[in-house]
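J.:
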Amino acid sequence: MSHPKQVGQYKLGKLLIEGKTKQVFDVPDQPGYCLLLNKDRITAGDGVKAHDLEGKAAISNQTNAKVFEILKSAGIKTAFVKIASETAFLSKKCEMIPIEWVTRRLATGSFLKRNPGVPEGFRFTPPKQETFFKDDANHDPQWSEEQIISAKFNYNGLLIGRDEVDYMRKATILIFEILEKAWALRDCALIDMKIEFGVDTEGSIVLADVIDSDSWRLWPSGDKRLMVDKLVYRNLTTVTAADLDTVKRNFAWVKDQLDFLKPTIHHKVVVFMGSPADQEHCQKIAKAARELGLDVDLRVTSAHKATEETLRIMQQYEDTHGALVFIAVAGRSNGLGPVLSGNTSYPVINCPPPSDKLVQGHLVVPLRTVWIRMRYSNLS
């Protein structure tokens, strides 16, 4: 494949790396960034099977961009920046961690070969997580977490130890569950998927590389016979022009369906504070929620002095919203949370204002959990 001098508005520098389906270029005018250019090429079996597929690069580019925008809106740290052209996107420059993180909801494919006796379709709850060392010559052998830690990978000054592996494992499951719930809106079952992480120039671990129809198994209506992913191509013993057209139409269908994965539920986060003195703390909570795309109301009410009024306000929200979460902010007495939770079936999160006498936790994880449930589940 030739090396273009410019893509979109970006002048390209040297070719940093070239894979089976994409090229990565330096962008001299954008320090710390690179450009990923997709190829009109489809491969399987470590590149043993490969065909040109006109139009695939543009489809993959759009698919990847839509998936990463969904994940970025959920608060996932990614290397993706923006689309640069029909077939390319701008990304943070990363040193890639050579581990493929696989998440499985149902047992199928290579898992069955490595685990004889497990029936196809066995459901993993929670999702099964596996890791593979990226090594084409040895067919990407499976690695344990202990092997990853013992390898002492160091990228952009970050040593990959226990904490980093734990972070990537938890992020992998979270990413899968976000996309699983999103695809459920279109009656599609996300069966499994693979992702990769990199370390950016600031030493932070970010979701990197690409996520497209090469990255997952996707079964409409949960029916394997209706699969619309790369397995259709991989399973072909002979490949005709008609077969390639079917694969391309499947990929285009997936790209188009992603437009409908934007949530439409009328959601609301209601922050109840026991006193106006808690306003500053509540504003911080509201800011974190809004950064996740959640609609937030702040209400002042005392569960001790005005219990009926508190319950009336709560009832008003229950009557007009299908997806709700209440956050209770009160002092040491902390009666607000129990009053709310005892009178509603909706989630209630207690988050008292900071105090030397109180052990403070973190609200980021609960808020992200709330985001997933409210945006991609029917809570009504």
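Numbering (the numbering used here), first residue to last: 10 to 389. Idealized CB from N, CA, C, for every residue including glycine. All figures in this text were calculated on a predicted structure; none of them were measured in a lab.
Count the other CB atoms, across all protein chains shown, that sit within 10 Å of the CB of V219; report buried if there are 16 or more and exposed otherwise.
T.: Your numbering for residue 219 matches position 210 in the sequence shown. It is buried - the Cβ of V219 has at least 16 other Cβ atoms within 10 Å.
J.: Do A337 and I358 have their beta-carbon atoms positioned less than 9 Å apart in this structure?
T.: Position 349 of the sequence shown, counted from the first residue, corresponds to residue 358. Position 328 of the sequence shown, counted from the first residue, corresponds to residue 337. In this structure, A337 lies closer than 9 Å to I358 by Cβ.
J.: Mind pulling the beta strand (DSSP E) runs of 3 or more residues that sit fully within the region 261 to 313?
T.: Listed in chain order, they are 276 to 282, 305 to 309.
J.: Say the cut is 8 Å; is the CB of K143 nearer than that to a heavy atom of the ligand FMN?
T.: Inclusion of the ligand FMN in the displayed structure is not the case, the ligand content being empty and no account of it being possible.
J.: Once you ignore the five residues that flank P13 on each side, which residues in its own chain have a CB closer than 7 Å to its CB?
T.: Start at 1 with the first residue of the sequence shown, and residue 13 comes out as number 4. These residues qualify, in order along the chain: L21.
J.: Look up R195 in the DSSP assignment and say whether it is helix, strand or coil.
T.: Translated into the one-based positions of the sequence shown, residue 195 becomes position 186. Note: R195 maps to coil in three-state DSSP.
J.: Mind reading off the beta-carbon distance from I157 to I108? Whole number of angstroms is fine, and I expect it under 8 Å.
T.: Position 148 of the sequence shown, counting from 1, holds the residue named residue 157. Position 99 of the sequence shown, counting from 1, holds the residue named residue 108. Indeed they touch by this definition, with Cβ atoms about 6 Å apart.
J.: Looking at the structure shown, is H12 part of a helix, part of a strand, or coil, going by DSSP?
T.: Numbered from 1 along the sequence shown, position 3 holds the residue referred to as residue 12. In this structure, H12 counts as coil in the three-state DSSP scheme.
J.: Please name the residue or residues paired with N163 in a DSSP beta bridge.
T.: Position 154 of the sequence shown, counted from the first residue, corresponds to residue 163. Note: N163 sits in a beta bridge opposite L168.
J.: Have a look at the DSSP bridge pairing and note the partners of V219.
T.: As a working note, residue 219 is residue 210 in the sequence shown. Looking at the DSSP assignment, V219 forms no beta bridge with any residue, so it has no partner.
J.: If you draw a straight line from the C-alpha of V33 to the C-alpha of D232, how long is it?
T.: Within the sequence shown, residue 33 is the residue found at index 24, counting from 1. Within the sequence shown, residue 232 is the residue found at index 223, counting from 1. So the two alpha carbons sit approximately 36 Å from each other.
J.: Counting C-beta neighbours from all protein chains within 10 Å, is the total for G370 16 or more, i.e. buried, or is it exposed?
T.: Taking the sequence shown and counting its residues from 1, the one referred to as residue 370 is at position 361. Here G370 scores only 48 on pLDDT, less than 50, and its place in the model should not be relied on; the value that follows carries that caveat. That one is exposed.
J.: Which residue's Cα is closest to the Cα of V57: A193, E300, S311, D145?
T.: Taking the first residue of the sequence shown as 1, we reach residue 57 at position 48. Taking only the C-alpha atoms, the option nearest V57 is D145.
J.: Indicate the three-state DSSP secondary structure (helix, strand or coil) for S94 in the structure shown.
T.: On the sequence shown, position 85 is the one that residue 94 refers to. If DSSP states are grouped into helix, strand and coil, S94 belongs with the strands.
J.: For a test of the three-state rule: what should DSSP assign to I79, helix, strand or coil?
T.: The sequence position of residue 79 within the sequence shown is 70, counting from 1. Three-state DSSP puts I79 in a helix.
J.: Could you confirm whether any beta carbon from chain B is found closer than 9 Å to the beta carbon of G283?
T.: In the displayed structure, chain B is absent; only one protein chain is listed.
J.: Where does K296 land, buried or exposed, given buried means 16+ other C-beta within 10 angstroms?
T.: The residue labelled residue 296 in the question sits at position 287 within the sequence shown. Exposed, since its Cβ has fewer than 16 Cβ neighbours within 10 Å.
J.: Pull the bridge partners of N73 from the DSSP assignment, please.
T.: On the sequence shown, residue 73 is found 64 positions in, with the first residue counted as 1. DSSP output for N73 lists no bridge partner at all.
J.: Measuring straight from C-alpha to C-alpha, what distance separates D265 and V241?
T.: Taking the sequence shown and counting its residues from 1, the one referred to as residue 265 is at position 256. Taking the sequence shown and counting its residues from 1, the one referred to as residue 241 is at position 232. Computed Cα separation, rounded: 18 Å.
J.: For S82 and S230, I'd like the C-alpha separation in whole angstroms.
T.: The residue you call residue 82 lines up with position 73 of the sequence shown. The residue you call residue 230 lines up with position 221 of the sequence shown. Taking the straight line joining both Cα atoms gives about 26 Å.
J.: Between the C-alpha atoms of E9 and T310, what's the straight-line distance to the nearest angstrom?
T.: For residue 9 there is no data in the structure shown, the boundaries of the chain being 10 and 389.
J.: Do T96 and G53 count as a contact pair if the criterion is CB distance below 9 Å?
T.: Counting from 1 along the sequence shown, the entry for residue 53 is found at position 44. Counting from 1 along the sequence shown, the entry for residue 96 is found at position 87. Correcting the residue identity first, residue 53 is Ala in this sequence and not Gly. No, Cβ-Cβ distance for A53 and T96 is not below 9 Å.
J.: List the whole-angstrom C-beta distance separating H290 from A332, where the pair is believed to meet the contact cut-off of C-beta under 8 Å.
T.: Reading the sequence shown from its first residue, position 281 is the one you call residue 290. Reading the sequence shown from its first residue, position 323 is the one you call residue 332. 24 Å between Cβ atoms; not a contact.
J.: Once DSSP output is grouped into helix, strand and coil, what is the label at G3?
T.: No information on residue 3 is available, as it lies outside the stretch 10 to 389 that the chain covers here.
J.: My guess is that Q298 and V279 are in contact by the Cβ rule of under 8 Å, so how many angstroms apart are they, rounded?
T.: One-based indexing of the sequence shown puts residue 298 at position 289. One-based indexing of the sequence shown puts residue 279 at position 270. The residue you asked about is not Gln; residue 298 is Ala in the sequence shown. Actually they are not in contact, since the Cβ atoms of A298 and V279 sit about 10 Å apart, beyond 8 Å.
J.: Can you have a look at F281 and say buried or exposed, based on whether 16 or more other CB atoms are within 10 angstroms of its CB?
T.: Residue 281 sits at position 272 when you count from the first residue of the sequence shown. F281 comes out buried.
J.: If the criterion is Cβ atoms closer than 9 Å, does the pair F89 and E78 meet it?
T.: Translated into positions along the sequence shown, residue 89 becomes position 80. Translated into positions along the sequence shown, residue 78 becomes position 69. A contact, by the Cβ cut-off of 9 Å.
J.: Which full runs of the beta strand (DSSP E) of 3+ residues lie inside the region 20 to 63, going along the chain?
T.: 24 to 27, 31 to 35, 42 to 47, 50 to 53, 58 to 61
J.: What does the alpha-carbon distance come out to for the pair L267 and N73?
T.: Counting from one through the sequence shown, the residue named residue 267 turns up at place 258. Counting from one through the sequence shown, the residue named residue 73 turns up at place 64. For L267 and N73, the distance between alpha carbons rounds to 10 Å.
J.: Rounded to whole angstroms, what is the Cα-Cα separation between L320 and W192?
T.: Taking the first residue of the sequence shown as 1, we reach residue 320 at position 311. Taking the first residue of the sequence shown as 1, we reach residue 192 at position 183. So the two alpha carbons sit approximately 36 Å from each other.
J.: Taking 7 Å as the limit between beta carbons, can you name the residues of its chain near V305, skipping five residues before and five after?
T.: Locating residue 305 in the sequence shown gives position 296, where the first residue counts as 1. Excluding residues within five positions, the ones whose Cβ falls inside 7 Å are V278, V280, A295, A298, R299.
J.: Just to confirm the assignment, what range does the beta strand (DSSP E) spanning M105 have?
T.: Taking the sequence shown and counting its residues from 1, one reaches residue 105 at position 96. From DSSP, the beta strand (DSSP E) with M105 extends over 103 to 105.
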